[in-house]
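Trainee:
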Amino acid sequence: MIINTGARTDTVQYYSEWLLNRFEEGFVYSRNPLFPNKVIRYELDPKIVDCVIFCSKNYEPILDNLYKIIEKFNTYFYYTITAYKKDIEPKVPSIDKSIETLMKLEKITGKNKIAWRYDPVLLTKDYTIDYHTKTFDYIAKQLNGHIDRCIFSFVEMYKKLKYNMPEIIPLSEDDRNILAYELGKTAKKYGITIQTCGTNGIFTQYGINQSGCTTLDILAKANNIKFRNLKHKGTRNGCHCIESRDIGAYDTCLNGCKYCYANVNPKKAIDNFKFHDKHSPLLLGNIKETDIIQEGSQKSFRIFL
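If you're matching positions, the sequence shown starts at 0 in numbering that gives the first Met the number 0 and goes up one per residue.
#1: Whole angstroms is fine: what's the gap from F300's alpha carbon to I217's?
#2: Which residue from D63, Q141, K124, A219 puts its Cα closest to that of S15?
#3: State the CB to CB distance for the pair T8 and C256, rounded to an integer number of angstroms; the pair is presumed to be in contact (CB under 8 Å).
#4: How is the alpha helix (DSSP H) around Q12 delimited, first residue to last?
#5: In terms of alpha-carbon separation, which member of Y78, D129, V27 lies closest to L178?
#6: Please classify K56 as buried or exposed, where buried requires at least 16 neighbouring CB atoms within 10 angstroms.
#7: What number of angstroms, rounded off, separates the C-alpha of D174 from the C-alpha of F303?
#8: Are the Cβ atoms of A221 and Y75 separated by less than 8 Å?
#9: At 4 residues or longer, what runs of the alpha helix (DSSP H) sit wholly inside the region 1-76?
#10: Taking contact to mean at least 3 C-beta pairs separated by less than 8 Å, is the region 131-142 in contact with the region 240-251?
#11: By Cβ distance, which residues of its chain are closer than 7 Å to E42, with the 5 residues on each side in sequence left out?
#12: Compare the Cα-Cα distances from N262 to each of T214, I286, L160, S171 and report the closest residue.
#13: Using alpha carbons as the reference points, say which of Y66, D86, S279, I87 lies closest to E105.
#14: Got a sec? Which residues, its chain only, sit under 8 Å from E23 by beta carbon, not counting five neighbours each side?
#15: Which residues share a DSSP beta bridge with F226?
#16: Is T132 helix, strand or coil when you go by DSSP?
#17: Which residues does DSSP list as the beta-bridge partners of E294?
#18: Could you tell me which of F153, K158, E181 sits nearest to L170, measuring between CA atoms?
#19: Tell me whether I168 sits in a helix, a strand or coil according to DSSP, three-state version.
#20: What does T195 pair with, by DSSP beta-bridge criteria?
#21: Find the nearest neighbour of Y78 within the set D125, Q209, D118, judged by alpha-carbon distance.
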């Protein structure tokens, strides 16, 4: 099985002590977002956890202690560095600071375990196609030779996004094609493998692969292991990833990104943070008498030689 630590929240940036505690104790609880009284227990055991996935916009808080996890587990790291400034991503470090931290992460993990996420790609009157083209080129030039691949997606126009970010300009088909062409051209210039994930549409004509960002093939090559040939079901339309188990929680990320899919709004995340206990097996709060705890289904995908 695959453990995902960062799909619902930036666990690394804001809950790194909790995360390290969970791996030290060897188990974690995850509350079902649809049925809050149901709690799943996952064993954090390298014998059944095939790989631990990280996704963050700032790895600085965990760098000094990351060895405690990577010495025991296979890992893969997604580092999100976008073109946006504080008006869109209030608590995210600057591009240059993020690049500096990624370089530090590379020295610990090696480049084959790091993917650069440039997503979501969205347009406003300030963040134009030309702005994306120039900024993507600037970042790609710095990251050339330091990452495994680049992954991007076009923004999904969820109802809450229209409410939280009224300045957004919906992407036309022409916008998508122009952006894909520019991103593909830049990636080729710097020798960077580029792909989409969670985005409908085929852009292979621009040198962009259509694949999942978390496939068994990617994880196997990064960690020099072998997996069984399994179907990748994905998590939503346009996604081609292998299934994973997320141990985070929605409405808990403090980055405050206006486009965030995982928060209803920034205020709710701030309010929920008050219930965080770094010693609890749950990211938010503690187990209640009314909770029903179930053992998670944990089956290894690996081939052991």
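A virtual CB, placed ideally from N, CA and C, is assigned to each residue, including glycine.
Mentor: Per the coordinate set shown:
#1: Along the sequence shown, one-based indexing puts residue 300 at 301. Along the sequence shown, one-based indexing puts residue 217 at 218. In this model, F300 and I217 are separated by some 14 Å (Cα to Cα).
#2: Translated into positions along the sequence shown, residue 15 becomes position 16. Nearest of D63, Q141, K124, A219 to S15, Cα basis: D63.
#3: Reading the sequence shown from its first residue, position 9 is the one you call residue 8. Reading the sequence shown from its first residue, position 257 is the one you call residue 256. In fact, because the Cβ distance is near 11 Å, the residues do not count as touching under 8 Å.
#4: On the sequence shown, position 13 is the one that residue 12 refers to. DSSP places Q12 inside the alpha helix (DSSP H), whose first and last residues are 10-13.
#5: To locate residue 178, count along the sequence shown from 1; it is residue 179. Comparing Cα positions, the closest option is D129.
#6: The residue labelled residue 56 in the question sits at position 57 within the sequence shown. The residue is buried, with at least 16 neighbouring Cβ atoms inside 10 Å.
#7: Counting from one through the sequence shown, the residue named residue 174 turns up at place 175. Counting from one through the sequence shown, the residue named residue 303 turns up at place 304. The straight-line gap from Cα to Cα measures roughly 46 Å.
#8: For the purposes of this step, residue 221 is taken as the residue at position 222 of the sequence shown. For the purposes of this step, residue 75 is taken as the residue at position 76 of the sequence shown. Closer than 8 Å, so yes.
#9: The region 1-76 contains these whole alpha helix (DSSP H) runs: 10-13, 15-24, 66-69.
#10: Touching, no.
#11: On the sequence shown, position 43 is the one that residue 42 refers to. The beta carbon of E42 is closer than 7 Å to those of G25, F26, Q297 in its chain, skipping five residues each way along the sequence.
#12: Taking the sequence shown and counting its residues from 1, the one referred to as residue 262 is at position 263. For the residues T214, I286, L160, S171, the minimum Cα distance to N262 belongs to L160.
#13: The residue given as residue 105 occupies position 106 in the sequence shown. For E105, the nearest C-alpha among the options comes from Y66.
#14: Locating residue 23 in the sequence shown gives position 24, where the first residue counts as 1. Only K67 meet the Cβ criterion.
#15: Taking the sequence shown and counting its residues from 1, one reaches residue 226 at position 227. According to DSSP, which records beta bridges pairwise, F226 is partnered with R301.
#16: Translated into positions along the sequence shown, residue 132 becomes position 133. T132 falls in the helix class under three-state DSSP.
#17: As a first step, residue 294 is located in the sequence shown; it is residue number 295 there, counting from the start. Its beta-bridge partners are R40.
#18: Walking along the sequence shown from the start, residue 170 turns up at place 171. For the residues F153, K158, E181, the minimum Cα distance to L170 belongs to F153.
#19: Reading the sequence shown from its first residue, position 169 is the one you call residue 168. Look at I168 here: in three-state DSSP terms it is strand.
#20: If you number the sequence shown from 1, residue 195 lands on position 196. Per DSSP, the beta-bridge partners of T195 are F151, Q209.
#21: What you label residue 78 is simply residue 79 of the sequence shown in a count that begins at 1. Among D125, Q209, D118, the Cα nearest to that of Y78 belongs to D118.
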